[in-house]
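S.K.: First the structure, which I've put down as structure tokens, then a few questions once you've had a look.
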Amino acid sequence: MQRILIFVYGIAAYILFLAVFGYMAAFLLQLFVPKNINDLGISAPGGVLGAIVLNIALIALFGFLHSLLARDWVKSKLYGVLPRAAERSTYVVQSSLCLALAMWLWQPLDTIIWSVSGPMQMMAFASFALGTMLVLWSTFLIDHFELFGLRQIWTHLRGKDMPQPEFKTPVLYRLVRHPMQLGIIVLVFSTPHMTVGHLLFASSMTAYVFVGLYFEERALLRVFGARYEVYQRDVPFLFPLPFRKANRRSNTADL
5 MQRILIFVYG IAAYILFLAV FGYMAAFLLQ LFVPKNINDL GISAPGGVLG AIVLNIALIA
65 LFGFLHSLLA RDWVKSKLYG VLPRAAERST YVVQSSLCLA LAMWLWQPLD TIIWSVSGPM
125 QMMAFASFAL GTMLVLWSTF LIDHFELFGL RQIWTHLRGK DMPQPEFKTP VLYRLVRHPM
185 QLGIIVLVFS TPHMTVGHLL FASSMTAYVF VGLYFEERAL LRVFGARYEV YQRDVPFLFP
245 LPFRKANRRS NTADL
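Numbering (this note's numbering), first residue to last: 5 to 259.
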């Protein structure tokens, strides 16, 4: 029975992620949702300064918990409370709920920085689609189902153990070390109607990306050691360098 409950929990966690990620797309593009990034939900006290402080605090909370629960020492504590197979799904639930909270409480700062229409608007939407594609493609290259806890719950349901992590550098990961996070940066800045509030959201998320990747790189070095050091040396961190070729010796496996 426990295996079935964990499986159902993992599926629910994944559905929650899909719903929140889809809502975020509409939230940023101001399309078809009850509250978008320039709509007022719950009003914060303190005027513009209060709105800025609350907005930054919401992203900081998302980033802090997102990074904290990814740390090995926190995971080891969770294993004493949660079944190991449910750890990743719980991470997905926490991240999704924190992002949903940030969108629900987000305070609009609607001073316009740019607003475009016609071909430029289409280019903004295309850029957003490109960022979204980078995010999703990157997850499938490294194992989308493991990243969101689905492989863990399926393996647990079958009474088997998860294999040890492997070092892989498929396709996009030969261009930059973190294509998923590059996609996030592209999509949060891609809008035909950029306001001060949207810029704050995009800038705060980008700042978190860099902070989160600092800790992630340290963790990857601990796991993969010299192999990851070679990869760091040969492949750019976040932005591709068109005239630089990665050393193929660092590409240990493809999907």
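C-beta: ideal position from N, C-alpha, C; glycine also.
Could you give the distance in angstroms between the alpha-carbon of Thr195 and the alpha-carbon of Phe66?
M.R.: Cα to Cα, Thr195 sits roughly 22 Å from Phe66.
S.K.: How many Å lie between Phe21 and Leu186 at the Cα?
M.R.: Each residue's alpha carbon lies about 19 Å from the other.
S.K.: Of all the options Leu217, Leu72, Ala17, Leu109, which has the alpha carbon lying nearest to the alpha carbon of Phe241?
M.R.: It is Leu217.
S.K.: Measuring only the C-alpha atoms, how far is Ala104 from Ile117?
M.R.: C-alpha separation (whole angstroms): 25 Å.
S.K.: Under 8 Å between the Cβ atoms of Ile10 and Ala90?
M.R.: Cβ atoms of Ile10 and Ala90: closer than 8 Å.
S.K.: Rounded to whole angstroms, how far is the Cβ of Ile46 from the Cβ of Leu32, which I believe are closer than 8 Å?
M.R.: Between Leu32 and Ile46 the Cβ distance is about 19 Å, and since that is not below 8 Å, they are no contact.
S.K.: Going by DSSP, what residues sit across from Trp118 in a beta bridge?
M.R.: Answer is Met198, bridged to Trp118.
S.K.: Would the region 165-173 count as touching the region 96-114 if we require 3 or more Cβ pairs under 8 Å?
M.R.: Cβ pair count under 8 Å is below three, so no.
S.K.: How big is the Cα-Cα spacing for Val227 and Phe214?
M.R.: One C-alpha to the other measures close to 20 Å.
S.K.: Need the endpoints of the alpha helix (DSSP H) that Met137 sits in, please.
M.R.: Start and end: 123-146.
S.K.: Can you grab the Cα-Cα spacing for the pair Arg92 / Gly122, in whole Å?
M.R.: C-alpha separation (whole angstroms): 43 Å.
S.K.: Short check: CB of Val180 to CB of Phe243, under 8 Å?
M.R.: Yes; because the gap between Cβ atoms is below 8 Å, this pair is in contact.
S.K.: According to DSSP, is Ala48 part of a helix, a strand, or is it coil?
M.R.: Ala48 falls in the coil class under three-state DSSP.
S.K.: Quick one: measure Cβ to Cβ for Ala223 and Asp76, integer angstroms, because I've assumed they're closer than 8 Å.
M.R.: About 7 Å separates the two Cβ atoms, so the contact holds.
S.K.: So Leu145 and Tyr177 are supposed to be a Cβ contact under 8 Å. How far apart are they, rounded?
M.R.: Indeed, because the Cβ distance is near 7 Å, the residues count as touching under 8 Å.
S.K.: For Thr94, which three-state DSSP category applies?
M.R.: If DSSP states are grouped into helix, strand and coil, Thr94 belongs with the helices.
S.K.: Whose C-alpha, out of Leu245, Gly229, Ser207, is nearest the C-alpha of Ile56?
M.R.: Nearest of Leu245, Gly229, Ser207 to Ile56, Cα basis: Ser207.
S.K.: Does the Cβ-Cβ distance between Asp147 and Arg155 come in under 8 Å?
M.R.: Cβ atoms of Asp147 and Arg155: closer than 8 Å.
S.K.: Apart from the five residues on each side of it in sequence, which residues of its chain come closer than 6 Å, Cβ to Cβ, to Ala48?
M.R.: Excluding residues within five positions, the ones whose Cβ falls inside 6 Å are Gly54, Ala55, Leu58, Gln111.
S.K.: Taking all protein chains shown into account, do 16 or more other C-beta atoms lie within 10 angstroms of the C-beta of Phe219, making it buried, or fewer, making it exposed?
M.R.: It counts as exposed.
S.K.: Taking Ala128 as the reference, give the member of Arg88, Val190, Glu221 with the closest Cα.
M.R.: For the residues Arg88, Val190, Glu221, the minimum Cα distance to Ala128 belongs to Val190.
S.K.: Straight-line CA distance for Leu101 to Leu73?
M.R.: Their backbone Cα atoms lie some 14 Å apart in a straight line.
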